[in-house]
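Undergrad: Sending over a structure as structure tokens; questions will come in a sec.
Residue numbers (this note's numbering): 684 to 976.
Put into structure tokens, the structure is as follows:
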């Protein structure tokens, strides 16, 4: 079995991918996890996973982690302002260390222009995709759609009492389960024939926020309304509740992108890579709101 490095290994996606690799027969000793804080990787150490401390800004730490590895899963960083050069550090270090295949968690999109409402999030992904394709390394790019797990953030903590107030219009999203995406990444790491491929990591259905409201109503027996205000009315309402301006801007940007159809897709490779149908909206909501019935 080839040696695999998972970056961001102490995060949810990284840990889940490692868990799936081990469940599918990879010896933990064949996996290296790159983490910034070793204290957050105690469970990985207990599994027998080799832990390297470093980060995307520390090129030498990347080189050290990647030496002897054949495959690296680059999980996108959270530093929006700096992650493009950080990701390029990973790619360059992987190439110098002799890695042959880099896999990357990118994102689904249609509009790649600078005036896209998702430009703040997407530009680094677009630049990383291009850097990978021109690196000379074998690559696999996962164009991950929005997680099902972000729905509670969009609909708010009081959704079961006050309904959904979110300016997404009739826009649709092929929300995907994060653990499904991690398992699919593990399958690709273990499989063959995935070199120089881009995969559409979307659910097999697209969902509107009206659908989310309807599903929640059926699940809980409550009347759950969906109201799509203007972006301005939405911002004003959230501002009055004391929510930070930066967070409001992010929510408005996502809502606008959803309204414009950025995350509505016709293609999904997720079912193929999983070998089964992905987790659907109803199943996710039933689990997320089970205690609220």
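Every residue, glycine too, gets a C-beta built ideally from N, C-alpha and C.
Grouping DSSP H, G and I as helix and E and B as strand, with all else coil, what is residue 782?
TA: Residue 782: coil per DSSP, three-state reduction.
Undergrad: What three-state label does DSSP hand residue 895 in the structure shown?
TA: The answer is helix: DSSP assigns residue 895 an H, G or I state.
Undergrad: State the Cα-Cα distance for the pair residue 927 and residue 696, rounded to the nearest angstrom.
TA: Cα-Cα distance, rounded: 27 Å.
Undergrad: Going by beta carbon distance, what residues of the same chain come within less than 8 Å of residue 961, once the five residues before and after it are set aside?
TA: Correct list, in chain order: 859, 860, 863, 886, 887, 951, 953, 954.
Undergrad: Could you tell me which residues DSSP puts in a beta bridge with residue 881?
TA: Its beta-bridge partners are 824.
Undergrad: If you follow the beta strand (DSSP E) that residue 733 is part of, which residue opens it and which one closes it?
TA: Element bounds for residue 733: 733-736.
Undergrad: Starting from residue 715 and walking both ways along the beta strand (DSSP E), at which residues does that stretch end?
TA: Its beta strand (DSSP E) spans residues 714-718.
Undergrad: Going by C-alpha to C-alpha distance, which of 869, 699, 770 sits closest to residue 808?
TA: Considering only alpha carbons, the answer is 770.
Undergrad: On the three-pair Cβ rule with 8 Å, is the region 891-903 touching the region 718-738?
TA: Not touching, per the Cβ criterion.
Undergrad: Between residue 717 and residue 872, which are expected to be in contact by the criterion C-beta below 8 Å, what is the C-beta distance as a whole number of angstroms?
TA: No, residue 717 and residue 872 are not in contact; Cβ-Cβ is about 15 Å, not under 8 Å.
Undergrad: Report yes or no: do three or more beta-carbon pairs, one from the region 789-809 and one from the region 758-769, lie closer than 8 Å?
TA: Segments in contact, yes.
Undergrad: Within this structure, are the beta carbons of residue 693 and residue 746 separated by less than 9 Å?
TA: Cβ distance not < 9 Å, so residue 693 and residue 746 don't count as in contact.
Undergrad: Give me the Cβ distance between residue 821 and residue 884, rounded to the nearest whole Å; I'm assuming they're in contact under 8 Å.
TA: Contact flag wrong, Cβ pair sits at about 19 Å.
Undergrad: Candidates 740, 930, 877: which alpha carbon is nearest residue 783's?
TA: For the residues 740, 930, 877, the minimum Cα distance to residue 783 belongs to 877.
Undergrad: Using the Cα positions of residue 1000 and residue 700, report the straight-line distance between them to the nearest angstrom.
TA: Shown here, the chain extends from 684 to 976; a query on residue 1000 therefore has no answer.
Undergrad: Tell me the start and end of each unbroken beta strand (DSSP E) in the region 814-860 that is at least 3 residues and wholly inside, in chain order.
TA: DSSP runs (the beta strand (DSSP E)) wholly in the region 814-860: 821-827.
Undergrad: Sort out for me which residues DSSP pairs residue 790 with in a bridge.
TA: Bridge partners of residue 790: 827.
Undergrad: Tell me, to the nearest whole angstrom, how far the beta carbon of residue 786 is from that of residue 757; I am working on the premise that it is less than 8 Å.
TA: That pair is a contact at about 7 Å.
Undergrad: Rounded C-beta distance between residue 789 and residue 936? I'm assuming under 8 Å.
TA: Between residue 936 and residue 789 the Cβ distance is about 18 Å, and since that is not below 8 Å, they are no contact.
Undergrad: Under three-state DSSP, which class holds residue 704?
TA: Residue 704: helix per DSSP, three-state reduction.
Undergrad: In whole angstroms, give me the CA-to-CA distance for residue 956 and residue 798.
TA: Residue 956 and residue 798: Cα-Cα distance of roughly 33 Å.
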